[in-house]
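Residue numbers (our numbering): 1 to 219.
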């Protein structure tokens with residue numbers, strides 16, 4: 001049985017600087033964190049910047065073997081896509097046609113490091129990024145205990161889970177994963193992830209066929 005939880009999140013003020021939550025001219029909500037401007041939600045598009053279609057791949061066998069751009073919904077469920085956005089493989093993230101909308105880009109390692117440093121360090125940044133509340137309390141999407149979650153950054157990281165390179169799904173409510181841009185280096189498929197039992201932001205490498213969320217940053 002699937003449960004759809006209603007998210008109710010209130011934004012807080014950052015310690016050193018007021019969070020600037022706005023909507024850009026092309027109706028993309030964003031939040032200013034330090035010197036950076038991040039999209040307020042995970043990416044949820046089906047076309048590259050030039051208009052080319054990105055294929056949706058639901059079948060696990062096809063997903064595991066594909067060597068070209070693809071996206072999917074978690075558990076192939078469009079209702080979950082309305083909450084968490086789409087999951088993309090690295091081929092989509094690194095494609096030269098541009099996954100990010102005009103004026104935006106996929107954050108690289110330096111962008112993520114800058115964000116972590118502004119929020120303190122990697123041991124604290126996860127809590128500052130995660131949305132607050134828990135499933136058990138009926139006021140959030142993370143499962144308890146959702147350690148350290150304050151969302152003081154306004155980033156509102158959600159536990160959208162991920163798709164393994166073999167095509168299986170795992171982790172909604174427990175984990176959130178986001179790609180980092182590497183410049184078409186499929187030998188280094190770095191990404192960041194947050195989890196419900198800690199306030200760290202972690203660095204991992206799952207391979208190009210992993211299906212992860214994308215959060216864009218202003219160019």
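Note that the Cβ used here is the ideal one computed from N, Cα and C, for glycine as well.
Asked, Found
"Heavy atom of the ligand NAD within 6 Å of residue 142 beta-carbon", "For the ligand NAD, the structure offers nothing, since it holds no ligand at all."
"At least three beta-carbon pairs within less than 8 Å, the segment 191-208 to the segment 164-181", "yes"
"Alpha-carbon to alpha-carbon, residue 154 and residue 21", "Low local confidence applies: a pLDDT of 46 at residue 21 is under 50, so the model's placement there is unreliable, and no value is given."
"Within 7 Å, strictly: CB atoms of residue 106 and residue 48", "no"
"C-beta atoms of residue 111 and residue 217 nearer than 7 Å", "yes"
"Proximal residues to residue 207 (C-beta, below 7 Å), its chain only, five neighbours per side dropped", "165 and 189"
"Spatially closest choice to residue 123 from 144, 149 and 103, by CA coordinates", "149"
"Nearest neighbour of residue 158, chosen from 169, 167 and 134 [CA to CA]", "134"
"CB of residue 57 within 7 Å of CB of residue 72, strictly", "yes"
"Validate contact between the segment 82-91 and the segment 38-45 using beta carbons, cut 8 Å, 3 pairs", "yes"
"Length of the line joining the Cα atoms of residue 146 and residue 201", "13 Å"
"Three-state secondary structure (DSSP) of residue 35", "coil"
"Within 7 Å, strictly: CB atoms of residue 172 and residue 131", "no"
"Where residue 90 falls, given that 16 or more other Cβ within 10 Å makes a residue buried", "buried"
"Chain-order list of residues whose beta-carbon lies under 8 Å from that of residue 104 (same chain, five-residue window excluded)", "28, 39, 216, 217, 218 and 219"
"8 Å CB neighbourhood of residue 137 in its chain, flanking five on each side removed", "144"
"Expected contact under 8 Å - CB spacing of residue 127 and residue 199 to nearest Å", "3 Å"
"Residue from 74, 78, 54 and 59 whose Cα sits closest to the Cα of residue 68", "54"
"Top-ranked residue by Cα proximity to residue 35, from 139, 116 and 76", "116"
"For residue 167 and residue 205, the rounded distance between their alpha carbons", "16 Å"
"Segment limits, beta strand (DSSP E) that includes residue 178", "175-179"
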